[in-house]
Ligand SMILES: NC(=O)c1ccc[n+]([C@@H]2O[C@H](COP(=O)([O-])OP(=O)(O)OC[C@H]3O[C@@H](n4cnc5c(N)ncnc54)[C@H](OP(=O)(O)O)[C@@H]3O)[C@@H](O)[C@H]2O)c1
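Residue numbers (my numbering): 1 to 328.
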């Protein structure tokens, strides 16, 4: 195995810098992964900007990225059942590199037939959306509203809810031209929030009852609008805050409907929370991925040498789905 690898470094300026760095070595409980492709996440660009020393950022250097797909290249002591060559995917820090070391409990098997370029765009969304559904006690037959359903992770939320047996899936977007895509992924109703009132549209689609569960990626006043659109004893899970973290809510809507509100952020330091979700996901969701029932929406793919083009695509705000970086 080579001693150095190519990696995209943040903290040297306004852009990721492709550099040769040492290949990390797996310690106890860890595996080394030969990464073939990585997908972007909403957090990648803010993290790059915050580290940029030329604009007052920290200047702290780190290997960027969170999502990877490839195969096991080496196995440390006490690292579970993994074997060299096993196809894998996952979400873990320092993923924009040819190799990365991962706690073996966070690694997911890559389903047969799923190329790294497709698989890398799944793990964060699967963990987050499935984790949110579990936190809210989702069961087959419940109705689900996904706000910001055209986010990279929201696309997976729609498909997961459908695959796991939701009675009705309602998806929101600001853009009418994404309606057909959401319907093709399994949404029964699409609410275009630039044209319709969210609360009225959801109540209209549910005979005035509201949905049982909300996966909210938007926050701001969208979160407030979700409360009166949720059925009595329902659950609202805030996942993302694309419209800002502040919201003015009507507590009458919360209390009289006996709603439960959850906040989720599935981090790597919370292994006691995240590992059981990944284990359950392995058993209950990966078979559906293998059957092709859950697929990421990929906007575009770039070689890691062209990371500036990938960054500019992300900054454009026009990407629909994931931007992928290849590390072949
Ligand atoms: N809790 C967790 O563990 C966790 C994990 C991963 C991500 N997240 C969060 O989840 C959110 C989605 O992440 P992502 O990477 O999937 O997003 P993304 O793919 O970058 O989402 C882009 C889409 O979001 C919609 N959008 C953007 N700004 C909006 C606004 N102000 N109001 C309404 N819609 C807006 C737009 O869709 P339309 O034009 O169709 O409306 C846009 O195409 C982020 O806030 C991220 O931080 C949370």
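In this text, a Cβ means the ideal position worked out from N, Cα and C, and glycines have one as well. From a predicted model like this one, the values you see are computed outputs, not experimental measurements.
Less than 9 Å between the beta carbons of residue i and residue j, yes or no?
i, j, result
"residue 93", "residue 71", "no"
"residue 323", "residue 64", "no"
"residue 226", "residue 145", "yes"
"residue 204", "residue 231", "no"
"residue 202", "residue 176", "no"
"residue 325", "residue 37", "yes"
"residue 172", "residue 198", "yes"
"residue 217", "residue 292", "no"
"residue 17", "residue 98", "no"
"residue 143", "residue 206", "yes"
"residue 95", "residue 260", "no"
To the nearest angstrom, report how far apart residue i and residue j are at their CA atoms.
i, j, result
"residue 307", "residue 186", "32 Å"
"residue 52", "residue 44", "13 Å"
"residue 309", "residue 316", "10 Å"
"residue 26", "residue 33", "9 Å"
"residue 89", "residue 110", "5 Å"
"residue 179", "residue 5", "42 Å"
"residue 118", "residue 221", "34 Å"
"residue 174", "residue 125", "20 Å"
"residue 3", "residue 21", "8 Å"
"residue 49", "residue 55", "8 Å"
Looking at C-alpha atoms only, which residue of the options is the closest neighbour of residue i?
i, options, result
"residue 329", "13, 89, 23", "This structure leaves residue 329 out entirely; the chain is present only between 1 and 328."
"residue 262", "91, 22, 198, 131", "131"
"residue 85", "138, 127, 31", "31"
"residue 392", "313, 296, 327", "Residue 392 lies beyond the residue range present for the chain, which begins at 1 and ends at 328; the question has no answer from this structure."
"residue 113", "244, 42, 287", "287"
Mind reading off the beta-carbon distance from residue i to residue j? Whole number of angstroms is fine, and I expect it under 8 Å.
i, j, result
"residue 289", "residue 122", "7 Å"
"residue 69", "residue 120", "4 Å"
"residue 285", "residue 182", "Between residue 182 and residue 285 the Cβ distance is about 20 Å, and since that is not below 8 Å, they are no contact."
Is the segment 254-266 touching the segment 148-158, taking contact as three or more C-beta pairs under 8 Å? The segment 254-266 is not in contact with the segment 148-158.
contact_flag[the segment 165-178, the segment 230-246] where n(CB pairs < 8 Å) is 3 or more: No: fewer than three Cβ pairs fall under 8 Å.
Kindly confirm or deny that the segment 103-119 and the segment 74-87 touch, where touching means at least three C-beta pairs closer than 8 Å. Verdict: yes, contact present.
Report yes or no: do three or more beta-carbon pairs, one from the segment 243-254 and one from the segment 276-292, lie closer than 8 Å? Per the Cβ contact rule, the segment 243-254 is not in contact with the segment 276-292 (fewer than 3 Cβ pairs under 8 Å).
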